[in-house]
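Counting from 1 along the sequence shown, just add 168 to a position and that's the residue number in this note's numbering.
Glycine included, each C-beta is placed from N, C-alpha and C at the ideal position.
Just below is one structure, and these are the notes that go with it.
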Amino acid sequence: MNKILRILILLAIAWRGSAQQKTENIVIVTLDGMRWQEVFGGVDFQLMSDKRFTRDSEQVAKKYWDADLSGRRMKLFPFFWSTVFRQGQLYGDRNQASEVNNANPYKFSYPGYNEIFTGYPDTAVNSNDKILNKNTNVLEFINHQKGFQGKIAAFTTWDVFPYILNKWRSGIYVNADVDTLRFDNPQLKLINDMQLLSAKPLGLRPDILTYIAGREYLKAYKPRVLYIAFDETDDFAHEGLYDQYLESAHAEDAMIADLWSTIQSMPEYKNKTTLIVTCDHGRGDKIKEQWRDHGQKVEDAGHIWIAVMGPDTKATGIVKTQTPIYQKQIGPTIAALLGFNFIPDHETASPIASIIH
Ligand SMILES: [Zn+2]
169 MNKILRILIL LAIAWRGSAQ QKTENIVIVT LDGMRWQEVF GGVDFQLMSD
219 KRFTRDSEQV AKKYWDADLS GRRMKLFPFF WSTVFRQGQL YGDRNQASEV
269 NNANPYKFSY PGYNEIFTGY PDTAVNSNDK ILNKNTNVLE FINHQKGFQG
319 KIAAFTTWDV FPYILNKWRS GIYVNADVDT LRFDNPQLKL INDMQLLSAK
369 PLGLRPDILT YIAGREYLKA YKPRVLYIAF DETDDFAHEG LYDQYLESAH
419 AEDAMIADLW STIQSMPEYK NKTTLIVTCD HGRGDKIKEQ WRDHGQKVED
469 AGHIWIAVMG PDTKATGIVK TQTPIYQKQI GPTIAALLGF NFIPDHETAS
519 PIASIIH
């Protein structure tokens with residue numbers, strides 16, 4: 169081929185690539201062990217009516233019940249169903265032929281978060297213990313790209329995340345459980361006081377403090393990638409407290425709405441930030457109290473969901489999946505949205521094509 173023609177073609181491809189990619193920042197939020205059944209179906213009538221799981225059924229019904237499906241899910245997840253549904257995409261409604269699964273066989277937290285961020289359902293990752301993750305994750309990969317160094321932060325309720333994301337190797341700023349924010353912003357000092365002085369009914373920093381710390385960090389330091397990991401839904405479900413599980417899910421939806429409006433109010437983020445919300449694993453169905461649990465032996469616990477919204481994602485609402493989507497595709501999708509090809513030194517999956525316009 170003529171040399172000049174070849175250069176012209178390469179330039180055209182490069183121009184097209186940069187013109188297509190509008191995402192400059194990514195915000196990821198996870199709701200630990202949040203079931204797809206409530207995300208897409210709202211409150212469950214049977215669990216809401218069962219006194220073993222819901223102490224004040226009448227009160228919960230008043231707040232969250234609606235005989236109509238769209239009204240019901242809107243009451244529990246108003247941001248998902250008023251904004252993401254209209255402006256973005258939702259995956260995982262198995263009643264609408266939309267399927268997302270864990271690829272890892274374990275269906276609990278560490279293997280799930282490892283799968284999200286490394287794109288690799290490593291069978292050697294099979295414990296929730298504080299073990300340093302050997303696998304390279306996508307946040308660490310992005311942290312090594314030009315313009316992203318030192319611009320990656322994670323705020324997590326669960327104190328195993330520093331190990332999952334291997335903060336000592338990856339160089340990502342990971343603020344987990346009660347963790348002092350190292351700067352003299354009076355607002356951030358207030359958050360420190362609150363997290364140190366608050367009661368911790370679940371043994372960890374309440375999700376609201378994880379969120380506020382992450383939001384204020386975003387405003388002060390403007391990271392290019394921010395990850396916020398909530399925890400309460402999983403703990404309350406294990407306890408069999410269906411009412412509290414709902415309350416945490418509903419509050420987290422409101423925090424995500426607040427985060428989105430914060431993003432849209434800042435010129436550094438407005439119209440150039442993609443939001444991805446997902447979970448580490450699902451839970452069982454209603455039979456034999458299995459909704460409380462998850463893990464290898466719980467059927468359906470590998471059924472998960474993804475919500476996504478941003479400048480490179482078409483507003484198509486619930487996306488029917490021709491073939492099931494897997495959790496291991498999320499990490500490569502995060503990289504692809506920023507125009508990167510995540511090729512670590514382990515096998516990985518392909519990005520979810522329908523998310524990227
Ligand atoms: Zn759990």
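With a Cβ-Cβ cutoff of 8 Å, do residue i and residue j count as a contact?
i: THR481; j: HIS525; result: yes
i: TRP428; j: VAL268; result: no
i: ASN294; j: HIS449; result: no
i: VAL195; j: LEU394; result: yes
i: LEU377; j: ILE340; result: no
i: ILE520; j: THR501; result: yes
i: SER266; j: VAL487; result: yes
i: THR430; j: ARG383; result: yes
i: GLY201; j: ASP402; result: yes
i: VAL228; j: LEU364; result: no
i: ILE284; j: THR446; result: yes
i: VAL342; j: LEU333; result: yes
i: ARG220; j: GLY408; result: yes
i: ILE424; j: VAL211; result: no
In angstroms, rounded to a whole number, what distance separates the CA positions of residue i and residue j?
i: ILE523; j: VAL476; result: 8 Å
i: ALA180; j: GLN497; result: With a pLDDT of only 45 at ALA180, under the threshold of 50, the placement of this residue in the model should not be trusted, and no figure is reported.
i: GLN264; j: LYS438; result: 32 Å
i: TYR281; j: ARG350; result: 26 Å
i: ASP411; j: GLY463; result: 22 Å
i: ALA504; j: GLN205; result: 29 Å
i: GLY371; j: THR304; result: 29 Å
i: PRO354; j: LYS387; result: 13 Å
i: SER250; j: SER217; result: 27 Å
i: GLY239; j: HIS418; result: 14 Å
i: THR222; j: LYS190; result: 45 Å
i: GLY529; j: LEU358; result: No information on residue 529 is available, as it lies outside the stretch 169 to 525 that the chain covers here.
i: ALA321; j: LYS465; result: 34 Å
i: LYS368; j: TRP459; result: 24 Å
i: LYS314; j: LYS390; result: 16 Å
i: ASP426; j: ARG203; result: 22 Å
i: LYS527; j: LYS302; result: Missing from the structure shown is residue 527; the chain here goes from 169 to 525 and no further.
Buried or exposed for residue i, going by 16 or more other Cβ atoms inside 10 Å?
i: ILE511; result: exposed
i: SER366; result: exposed
i: PRO435; result: exposed
i: PRO330; result: buried
i: ALA235; result: exposed
i: ILE455; result: exposed
i: THR348; result: exposed
i: GLN495; result: buried
i: ALA397; result: buried
i: GLU400; result: buried
Need the endpoints of the alpha helix (DSSP H) that residue i sits in, please.
i: VAL228; result: 225-232
i: ALA388; result: 375-389
i: THR207; result: In the sequence as presented, Thr is not what sits at residue 207; that position holds Val. Per DSSP, VAL207 belongs to the alpha helix (DSSP H) from 204-209.
i: ALA517; result: Careful: ALA517 lies outside any alpha helix (DSSP H) and carries neither H nor E.
i: ALA503; result: 498-505
i: ILE332; result: 329-332
i: GLN217; result: In the sequence under discussion, the amino acid at residue 217 is Ser, which differs from the Gln named in the question. Unbroken alpha helix (DSSP H) run through SER217: 213-217.
Over what stretch of residues does the beta strand (DSSP E) that includes residue i continue unbroken?
i: ASN193; result: 193-199
i: ALA367; result: Taken as a continuous stretch (DSSP letters only), ALA367 belongs to no beta strand (DSSP E), as it is neither H nor E.
i: THR324; result: 320-324
i: PHE398; result: 393-398
i: ILE511; result: No beta strand (DSSP E) holds ILE511; DSSP gives it neither H nor E.
i: ALA475; result: 474-477
(Q) Please give the ranges of any alpha helix (DSSP H) in the stretch 236-311, keeping only runs that are unbroken, at least 4 residues long and fully inside the region. (A) 237-244, 277-286, 306-311
Q.
For a minimum of 3 consecutive residues, which ranges assigned as the beta strand (DSSP E) are wholly contained in the stretch 423-472?
A. 441-446
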